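Novice:
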Amino acid sequence: MSKETFKRRAFIGLVSKTTVIGLATSPLSSLAIYTEHKKPNADHVFLTKPYLQNPGPDVITIMWITARNAYSWVEYQTEAGDIIKNHAVTDGMVDANNQIHRIALQDLKPGTRYSYTAFSKEIVDYQPYQITYGTTISSEKYEFITPVLNAKSMAMLIINDIHDRPNSIPHLMTLNGNDPFDFVFFNGDMFNFQKDQQQIIQNMLNPCTDTFASTKPFMYIRGNHETRGKFARQLPTYFNNINGTQYFSFSRGPVHFIALDTGEDKEDEAPVYAGLIDFDAYRKKQAVWLEQQLQSNAYKKAIFKVVLMHIPHYHSGDWHGTMHCREVFGPLFNKYKIDLMISGHTHKYGIHKAQEGHDFPIVIGGGPQDGKRTLIKLKANERSLHLSMIKDDGQEVGTYEIKR
Ligand SMILES: [Fe+2]
644 MSKETFKRRA FIGLVSKTTV IGLATSPLSS LAIYTEHKKP NADHVFLTKP YLQNPGPDVI
704 TIMWITARNA YSWVEYQTEA GDIIKNHAVT DGMVDANNQI HRIALQDLKP GTRYSYTAFS
764 KEIVDYQPYQ ITYGTTISSE KYEFITPVLN AKSMAMLIIN DIHDRPNSIP HLMTLNGNDP
824 FDFVFFNGDM FNFQKDQQQI IQNMLNPCTD TFASTKPFMY IRGNHETRGK FARQLPTYFN
884 NINGTQYFSF SRGPVHFIAL DTGEDKEDEA PVYAGLIDFD AYRKKQAVWL EQQLQSNAYK
944 KAIFKVVLMH IPHYHSGDWH GTMHCREVFG PLFNKYKIDL MISGHTHKYG IHKAQEGHDF
1004 PIVIGGGPQD GKRTLIKLKA NERSLHLSMI KDDGQEVGTY EIKR
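Using my numbering, the first residue of the sequence shown is number 644, and each one after it goes up by one.
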């Protein structure tokens, strides 16, 4: 990542240049020669608003998509601070000539409000020794707040099993009212199967940015349905989880979270997968990682310990995915005494108290049809963790509380 601070006036002068041919000042100085088109290209547009990913006390990632290849950057600032410009660099090269933009901001101050704007300068032609730029488009200015270090409380919203119903996202978000929350967690099966980029934009990214995602981050783990379809292997390109993986752990306030990728629901050898999946080995690999997390100081220190995974290892039938999760993850959850699991998958919401097999409650969010969808609200402070499950008609259909 490279970063430079400069006065806004000088920067605007640089980016709004139109017909100049010649050497550029930083950050374009790595290019020997570039030209810029006078005529704006009507096709050079944002396909999404910016959406926030990978939040931490001192980091956040801003992503967006453009219709044309571009060089992209973010300008951001604290209320009193200078404007800072950041673009992404991979292996010594500035990310450019691409359409899915992912700019990580680092060294942020915890508990601080930042404003930001996303910029994309079209790359009209990319020759080995001559780059032709087009015009620059910019987003609106948005704000986000970094989490406080060692915060005493936290609040999150959990949504699962939307299954390609874009209106469900704003609908469920509305049920939260004006209750403050830090981030949204998508607990799998947002889609039926992966078709193309347009589906990801229309059915998830746009409904998210229309309601919250330009100012509040979301995290996302796959369900079994996201592993299906011809575009399934491209899906991770559109998101940026903590650690950049499909399974991850993080602490927020008094809670330590572990998010697992439960994979497919049928055996790897099932004919519908045509020999192209290998989830048994993947779940076993995650089990090794899971035990390391459960032995970590962050986990031990946390007041509350919560696991998020799409397929619950109980109360979800006896297909292979459920049973394999039960075999490889189940004993670890009991041994290291997690407090709570939050899942989806069954489309039947419910709170299953601790019982034989699982020494902790399993909360399952519903979906995807009217009357079955849920929003789960999770809040915690140093004294208690409180979960509330709200059905799509606004009725609270379950609560669970853990006292310290
Ligand atoms: Fe599912």
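Where a beta carbon is used, it is the ideal one built from N, C-alpha and C, also for glycine. Since this is a predicted model, take the numbers as computed values, not measurements.
1) Give me the Cα-Cα distance between Asp825 and Gly964, rounded to the nearest whole angstrom.
2) Whole-angstrom Cβ separation of Ile703 and Pro860, contact assumed at under 8 angstroms?
3) Nearest-angstrom Cα distance between Asn884 and Met862?
4) Would you kindly report the start and end of the unbroken alpha helix (DSSP H) that includes Met966?
5) Mind the definition here: the region 828–845 touches the region 932–945 only if three or more C-beta pairs lie below 8 angstroms; say whether that holds.
6) Give the C-beta separation of Phe615 and Leu695 to the nearest angstrom, bearing in mind that I take them to be a contact with Cβ-Cβ under 8 angstroms.
7) Runs of 4 residues minimum, wholly inside the region 946–1021: which ones carry the alpha helix (DSSP H) assignment?
8) Would you report the Cα separation of Ser892 and Phe828, rounded to the nearest angstrom?
9) Applying the criterion that 16 or more other CB atoms from any shown protein chain within 10 Å of the CB defines a buried residue, is Asp1035 buried or exposed?
10) From Leu1028 to Gly1041, what does the alpha carbon distance come to, in whole angstroms?
11) Based on the DSSP output, what are the partners of Glu718 in its beta bridges?
12) Less than 8 angstroms between the C-beta atoms of Ser857 and Lys692, yes or no?
13) Across which residues does DSSP place Thr880 in a beta bridge pair?
14) Keeping to the same chain, check which residues put their C-beta closer than 7 angstroms to that of Ile1005; ignore five residues upstream and five downstream.
15) Between which two residues does the alpha helix (DSSP H) containing Val931 stretch?
16) Classify Gln1038 as buried or exposed, calling it buried when 16 or more other Cβ atoms lie within 10 Å of its own Cβ.
17) Which residue's Cα is closest to the Cα of Leu815: Ile801, Asp807 and Pro823?
18) Determine the extent of the beta strand (DSSP E) in which Thr773 is found, giving its start and end residues.
19) Among residues of its own chain, excluding the 5 on either side of Pro670, which ones have a beta-carbon nearer than 6 angstroms to its beta-carbon?
20) Please list, in chain order, all residues of the same chain as Ile1033 whose beta carbon is under 6 angstroms from its beta carbon, the five residues on each side excluded.
21) Please name the residue, chosen from Lys764, Leu975 and Phe947, that lies closest to Lys795 on a Cα-to-Cα basis.
22) So, for Arg1026: in the same chain, excluding its five sequence neighbours on each side, which residues have a beta-carbon less than 6 angstroms away from its beta-carbon?
23) Quick check: the Cα distance between Leu674 and Gly973, rounded to an integer number of angstroms?
24) Helix, strand or coil for Met862? Go by DSSP, reduced to three states.
25) Taking 7 angstroms as the cut-off, is the CB of Asp832 close to at least one heavy atom of ligand 1?
26) Assuming Ile864 contacts Ala902 under a Cβ cut-off of 8 angstroms, what Cβ separation, rounded to an integer in Å, is found between them?
27) Should Asp961 be listed as close to ligand 3, given that the test is whether its C-beta is under 7 angstroms from any heavy atom?
28) Is His806 helix, strand or coil by DSSP?
29) Could you work out which residue in Ala723, Asn1024, Trp707 and Gly820 is closest to Trp716 when comparing CA atoms only?
30) I think Asp923 touches His967, with their Cβ atoms under 8 angstroms apart; what is that distance to the nearest whole Å?
Specialist: Let me lay it out:
1) 31 angstroms
2) 7 angstroms
3) 6 angstroms
4) His963 to Val971
5) no
6) Outside the displayed range of the chain (644 to 1047) lies residue 615, so it cannot be described from this structure.
7) 963–971 and 973–978
8) 13 angstroms
9) buried
10) 14 angstroms
11) Lys728 and Thr760
12) yes
13) None, per the DSSP bridge assignment.
14) Pro955, Tyr957, His958, Met984, Ser986 and His995
15) Phe922 to Leu937
16) exposed
17) Ile801
18) The sequence as given places Gln at residue 773; Thr does not occur at that position. Residues Gln773 to Ser781.
19) With a pLDDT of 41 at Pro670, under the threshold of 50, the predicted position of this residue should be treated as unreliable, though the coordinate-derived value follows. Once the five neighbours on either side are set aside, Pro670 has no close Cβ partner at all.
20) Leu818, Leu1018 and Glu1039
21) Phe947
22) Arg1047
23) Its pLDDT being 45, under 50, Leu674 is placed unreliably in this model, and the coordinates cannot settle the point.
24) strand
25) yes
26) 5 angstroms
27) Ligand 3 is not part of the structure shown, which contains ligand 1 as its ligands.
28) coil
29) Trp707
30) 6 angstroms
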